[in-house]
Every structure is written in C-alpha cells, then in structure tokens.
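Engineer: Going by numbering that gives the first Met the number 0, the first residue of the sequence shown is number 0, and it counts up by one from there. Where is the CB? At the ideal position from N, CA and C, for every residue including glycine. None of the values given here were measured: they were computed from a predicted structure. Sharing a structure below in structure tokens format, with a few things to ask.
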Amino acid sequence: MCIPYSCPLFVQRLHGDENGSFVSGTPYRMEMGAGMWKREKKPGEGYVTGWKAKEKGFEVWCRKMIVAAYKGIRRGHWKKVVKRVLLALFVVVGVFILGRYLLSDELEVTFHHLYSPKILGTDNTRLVVLSDLHNREFGTDNTTLIRQISSLEPDLIIMAGDMVNAYEDDLDVILHLCDELLKVAPVYYGPGNHENHLFYEKGSPLESLLMERGVHVLVNRAEEVTIHKTPFLIGGLTTAPEGFEEYGVEFIEEYEKSSDFKLLIAHYPGLYYDALADTEIDLGICGHYHGGLVRLPILEGLYHGDVGFLPKYSGGMYSLPRSTIFVSRGMEDHSGFPRVNNRPELAVIDINGRQETER
Ligand SMILES: [Fe+2]
C-alpha cells in the first residue's frame, strides 16, 4: 500500500510522538514537498545567538575535525593527520596568546626605581603615575583602579594629563576619581592637550572644580612639598612644545635654580627633544604617546600621530644628559586603534638614595 508522505500516521512513526519530536530531543515538524524532507522551525525555536551560537559552531567544527582525523587514521594517512593536528594546535595556541596577552586590556602595574643623592634618609618616596585615562573606568566608578592605587600606598599621586576627553561635558569620572584618591595621598595634576579648553577657555570649569577639592593643579607653576625629610619642587607645564617660548621659558628658568628634588609634570615627551633638552630636571613625567599603541621588542612603541613611527620616548624610564624622564604608556586606546602588547599602565616609581632597591 502506498502511504502519502503527508499522512499523519507516517509522520508519527518517524517521529515517535504526535508533537513531531525526535527522541534526541530536537523538536521540529517534518513535511514533504517536492520530493524532499523540509525542516520547519517554529518562531524563535531552535535558534541560538551570540556566544551560544559561537560555542555551538566551535563544537560542530571540533566534531568534524575529530571525524576527519579518525577517517584519516583508518585509511593509514598518519603523517597528514599529525601535520593537521599540529597546525590546529598552533592556531589555537596562537589565538590564545593573542587574546590573553597581546590584546589584553587589563590594568598593568609597572614598577620603576630612581636613585637620587638629593633624597635624604633611607625611606622610599613612592609616586603613582596615571596618564591618558580619557574618562575610562576600571570597574564600576573606577573601584578597581582606586583599590589598586590604595594598596600601593603612595606618597604622591601624579596625573600627567589627558585624564578627560576634549569637548566632552562629562567630568564625573575624573572628579569622582580625584575625590577618592585624595583620601589615599595628595594628587598633583598637570594638563594634557585634551584638557586645553577645559582649563584655559573662559569659564572652563575643570581647573576650579579640581582645586576646590584640594587637587594641586599645576599650570606653568610649581609647589614645594616635603616628603620623608626631602624637599620636592613639583612643577607642571602647559602642554605642547609649540609656543614654549611664550609660556614656558620664564617659568623653567626660575624652576631650574632650585636645589630641591625637581619633579616636572609635562604631558608632551616632545618637549625633551628640544625645549627641555638642556634643562636639569631630577624627574620629568610625561604621557601623550599611549606607549606608541603597539609595543615591539627592542624598538618599543610603534607609532604616534605627532611624531610618526618609532617615537623617541614612548614608554618607560629614560636617562637624558641633564635629566631623567618617565613616559607613561597611558590607560586608554588612541583614536580607536587597539593597543597591542601594551596594557593600560599604572606606574609606580620609587625614589630613594640607594643605588639598588628591593621590591
Ligand atoms: Fe592622550
């Protein structure tokens, strides 16, 4: 007897029950059309999206690979199978390393040491340096960042500019961060290019809001502070090397005369190419280059728009003829380009009168 494919009896026998469910648990209804079985999903049924879809896709891919390897082994193609397994392993390990290390966006705490005969006594003076935060948050309300800084027990917290985004009205992130960090240690703030209009344009609110809270905002001026018996003169320069003759020369001439430990916050490392190249500064602190975005072995930072490829001072401590500078790699991307091998940096600088120090 001929049974039409659309007959309910036929469908029941195939599927095991009247709801059209397979024993395997995948529910769907079968209908015959144009000589083929068609699978018809109910609305919203059987579809997976997002990570689940990726996991499912990966599962299917793994299953196919295992089946292919099994078939290859049965046919005696050992060498081919081993080669492919090694290649697959290489790809998986490569993707893992790329994701876990090279593209990691986790905060990295870096430690640096500076020896100076100007430091009196045996105590460390510990600075924590933040730069180029660009309104970013590490944890809700920056709790991760604040907790991390607090655990480092700094004597001073230095903000080296670009903590906000130019022409963004949102000042909540930086103000909240300063409120919390002022409970940990004094905060010294030098402006970056992104603070330009928030600091210098008429009626700009940021500078006064920071100062009201007790942040030491340094724009072409310096303040004295004594830490563990050592007098420090902490200065801050307006940002760009362009115009230094007008805004910086007078201040730096006066600043250089001091015999205190001179710590200068100047956002642009480019100032040390020329304008500050012959200035005696015990420790200059900069940012701006975001570590050159891609960190290369030996060559260091790859690129910054201001200076092109391989910027001279892209991240770390540099000894210049008359000064030492530290250039922070910053904490945020730049112009949407990802950071590679260049995790956001929270830098710790221990300054003391010992040539070597233990961590
Ligand atoms: Fe920046």
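#1: Can you give me the C-alpha to C-alpha distance between residue 317 and residue 335, rounded to a whole angstrom?
#2: To which residues does DSSP link residue 232 through a beta bridge?
#3: Taking the continuous beta strand (DSSP E) assigned at residue 351, which residues delimit it?
#4: What did DSSP end up calling residue 115 once you bin it into helix, strand or coil?
#5: Would you please state the rounded distance, in angstroms, between the beta carbons of residue 191 and residue 315? I believe it to be under 8 Å.
#6: Would the region 139–159 and the region 175–193 be scored as touching if the rule is three or more Cβ pairs under 8 Å?
#7: Just grab the DSSP bridge partners of residue 322 for me.
#8: Are the beta-carbon atoms of residue 108 and residue 345 separated by less than 8 Å?
#9: Mind listing, in chain order, the residues whose beta carbon lies closer than 5 Å to a non-hydrogen atom of ligand 1?
#10: If residue 118 and residue 350 are in contact, beta carbons under 8 Å, what's the gap, nearest whole angstrom?
#11: If you scan the region 144–217 from start to end, which runs of the alpha helix (DSSP H) of 4 or more residues do you find wholly inside it?
#12: Quick check on residue 31: does DSSP put it in helix, strand or coil?
#13: Straight-line CA distance for residue 183 to residue 290?
#14: If we count the other Cβ atoms within 10 Å of its Cβ and call it buried at 16 or more, is residue 274 buried or exposed?
#15: Under the DSSP definition of a beta bridge, which residues are partnered with residue 127?
#16: Starting from the C-beta of residue 24, find all residues in its chain whose C-beta is less than 7 Å away, skip the five residues before and the five after it, and write them out in chain order.
#17: Following the continuous alpha helix (DSSP H) through residue 85, name the residue where it begins and the one where it ends.
#18: What does residue 295 pair with, by DSSP beta-bridge criteria?
#19: Could you pull out every residue in the same chain whose Cβ sits closer than 6 Å to the Cβ of residue 33, ignoring the five residues on either side in sequence?
#20: Along the chain, where does the alpha helix (DSSP H) containing residue 241 start, and where does it finish?
Structural biologist: For this structure:
#1: 28 Å
#2: 223 and 261
#3: 344–351
#4: coil
#5: The pair is not a contact, with the Cβ atoms about 19 Å apart (cut-off 8 Å).
#6: yes
#7: 280
#8: yes
#9: 131 and 161
#10: 6 Å
#11: 171–180, 195–199 and 205–212
#12: Only weak support exists for where residue 31 lies, its pLDDT of 42 falling under 50; the value from the coordinates is given anyway. Strand, per DSSP.
#13: 27 Å
#14: buried
#15: 156 and 347
#16: For residue 24, the predicted model reports a pLDDT of 40, less than 50, meaning its position is unreliable and no value from the coordinates is stated.
#17: 77–96
#18: 299
#19: Note that residue 33 scores 45 on pLDDT, short of 50, meaning its location in the model is unreliable; the coordinates nonetheless yield the value given after this. Cβ neighbours of residue 33 beyond the five flanking positions: none.
#20: Unbroken run through residue 241: none, as it is neither H nor E.
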